[in-house]
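The next block holds one structure in the form of structure tokens; read it before the comments.
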Amino acid sequence: MERSFTYASILAGATAVVPFPLRAQSTLETVPAGSDLITILALGGFTLVLAALYALQIKRTATVQRELAAAREAARAAEAALPERLAAHERAIIDAVAVPVWRRDRDGTLRHGNAGAEPLFPELEKAGTLAERAVKLGRAQSESRNMVVHGDRRLVDLTEAPAAADGTVGTARDLTTLEQLQSELARHVDAHAEVLETLHTAVAVFGPDKRLIFANTAFGRLWGVDADLLERDPTLTEVLERARENRRLPEQSDFRAWRDDFNRLFTTLIGSHEELLFLPDDTTVRMAVTP
Numbered sequence: 057m058e059r060s061f062t063y064a065s066i067l068a069g070a071t072a073v074v075p076f077p078l079r080a081q082s083t084l085e086t087v088p089a090g091s092d093l094i095t096i097l098a099l100g101g102f103t104l105v106l107a108a109l110y111a112l113q114i115k116r117t118a119t120v121q122r123e124l125a126a127a128r129e130a131a132r133a134a135e136a137a138l139p140e141r142l143a144a145h146e147r148a149i150i151d152a153v154a155v156p157v158w159r160r161d162r163d164g165t166l167r168h169g170n171a172g173a174e175p176l177f178p179e180l181e182k183a184g185t186l187a188e189r190a191v192k193l194g195r196a197q198s199e200s201r202n203m204v205v206h207g208d209r210r211l212v213d214l215t216e217a218p219a220a221a222d223g224t225v226g227t228a229r230d231l232t233t234l235e236q237l238q239s240e241l242a243r244h245v246d247a248h249a250e251v252l253e254t255l256h257t258a259v260a261v262f263g264p265d266k267r268l269i270f271a272n273t274a275f276g277r278l279w280g281v282d283a284d285l286l287e288r289d290p291t292l293t294e295v296l297e298r299a300r301e302n303r304r305l306p307e308q309s310d311f312r313a314w315r316d317d318f319n320r321l322f323t324t325l326i327g328s329h330e331e332l333l334f335l336p337d338d339t340t341v342r343m344a345v346t347p
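Residue numbers are given in this note's numbering: position 279 of the sequence shown equals residue 335, and the series is strictly consecutive.
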């Protein structure tokens, strides 16, 4: 067993120095062998490297956490600003539309409108029931209203449709010019009807749906068709059937085929068509059909 010695002065007032042996737990340990020293130095260096790597990892983790915190904050800010950005985008789209367009909130309050819709706002405030009906039914609703715009009476067709998020989107069409044209056309038609009614020539006008639009008194008298039927806007087939019953059409071996050929004139006739009809009472009728 290896031993080491230390010297201490003991006994108060003693002048002699007495040596005594101590065990291996002394503060002065035995110096390790060469290979052990190398191992200790290697372990110490490895520990220093691990400590440096750990410190670097801590630094990197802190950096990443700061970046994540900044990213979360930016995401929260973007999310908070998203409704306003969407609203601004919506306003920009509405402003770019040429026709009057407006946006209502869920409760029907007007939120925004483009330049074309702004003159209609006083009247649109009174048209909230149309938006309510559109939301309730879940589909677009339309109605025409007489409105005062810039001091003039205008006929405006309003449409309110449910929006994807909430509320409604509305549009307007000015039908004043169309109404004026229709009124003017109606006056011309009435005037022409008055003229045609005075003629002794039988005249009838049929629409694209093959229904009677107009017939003068001479037409009903020639074909033996009573006024009650003519007032019900009958089809051409119904008029021909009644004329046949009254023996006011030429005898045909296949009346149905002849009638169908006559009906096809609505889709095949390009120019005028003239034909002589020889009636059972020996009356000869010159018939002219014009598209």
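Cβ coordinates follow ideal geometry from the N, Cα and C atoms, glycine included.
Buried/exposed call for residue i, threshold 16 Cβ in 10 Å
i             : result
arginine 288  : exposed
proline 156   : buried
glycine 276   : buried
glutamate 216 : buried
glutamine 197 : buried
serine 65     : Reliability of the predicted coordinates at serine 65 is poor, the pLDDT of 36 falling under 50, and no value is obtained from them.
leucine 214   : buried
arginine 79   : Bear in mind that a pLDDT of 47 at arginine 79, under 50, signals an unreliable position, so the number given afterwards is only what the model happens to contain. The residue in question, arginine 79, is exposed, as its Cβ has fewer than 16 Cβ neighbours within 10 Å.
proline 336   : exposed
arginine 209  : exposed
leucine 104   : exposed
valine 204    : exposed
alanine 152   : exposed
leucine 97    : exposed
valine 191    : buried
isoleucine 16 : What the structure shows of the chain is the stretch from 57 to 347, and residue 16 is not part of that stretch, so it cannot be assessed.
arginine 132  : exposed
arginine 159  : buried
leucine 237   : exposed
alanine 283   : exposed
Close-in-space but distant-in-sequence residues of the same chain around residue i (CB under 8 Å, 5 per side omitted)
i              : result
valine 261     : Leu268, Ile269, Phe270, Ala271
glutamate 294  : Leu285
leucine 332    : Thr340, Val341, Arg342, Met343
glycine 263    : Ile269
isoleucine 326 : Pro347
alanine 72     : Only weak support is given to the placement of alanine 72: the predicted model assigns it a pLDDT of 40, under 50, and the question is left unresolved by the model.
aspartate 222  : Asp161, Arg162
histidine 206  : Pro175
Close-in-space but distant-in-sequence residues of the same chain around residue i (CB under 7 Å, 5 per side omitted)
i                 : result
phenylalanine 177 : Leu166, Gly169
glutamine 308     : Trp314
alanine 299       : Trp279, Gly280, Val281, Leu305
valine 120        : none
glycine 257       : The question names glycine, but residue 257 is threonine in the sequence shown. Counting only Cβ-Cβ distances below 7 Å, and skipping sequence neighbours, we find Ala274.
leucine 231       : Ser200, Leu211, Val212, Asp213
leucine 106       : none
glutamate 235     : Leu211
threonine 291     : Lys266, Arg267
glutamate 253     : Asn272, Thr273
leucine 321       : His329, Val345
asparagine 319    : Lys266, Leu292, Thr293
For residue i: DSSP bridge partner residues
i             : result
glutamine 197 : Glu216
alanine 208   : Inspection of the sequence shows that residue 208 is occupied by aspartate rather than by alanine. DSSP lists Val205 as partners of aspartate 208.
Chain-order list of residues whose beta-carbon lies under 6 Å from that of residue i (same chain, five-residue window excluded)
i                 : result
phenylalanine 334 : Pro306, Thr340
alanine 219       : Val225
isoleucine 150    : Val157, Asn170
(message) Quick check: the region 181-191 against the region 223-231, are at least 3 beta-carbon pairs closer than 8 Å?
(response) Output reads yes: the region 181-191 touches the region 223-231.
(message) List, from N- to C-terminal side, the alpha helix (DSSP H) runs of 4 residues or more that fit wholly inside the region 314-347.
(response) Counting only runs of 4 or more, we get 321-324.
(request) Ignoring anything shorter than 3 residues or poking outside the region 214-292, list the beta strand (DSSP E) runs there in chain order. (result) List check, beta strand (DSSP E) in window: 224-230, 260-262, 268-271.
(request) Enumerate, from N- to C-terminal direction, the unbroken alpha helix (DSSP H) stretches of 4 or more residues contained entirely within the region 146-192. (result) Counting only unbroken stretches of 4 or more residues, the alpha helix (DSSP H) elements lying wholly within the region 146-192 are 177-180, in sequence order.
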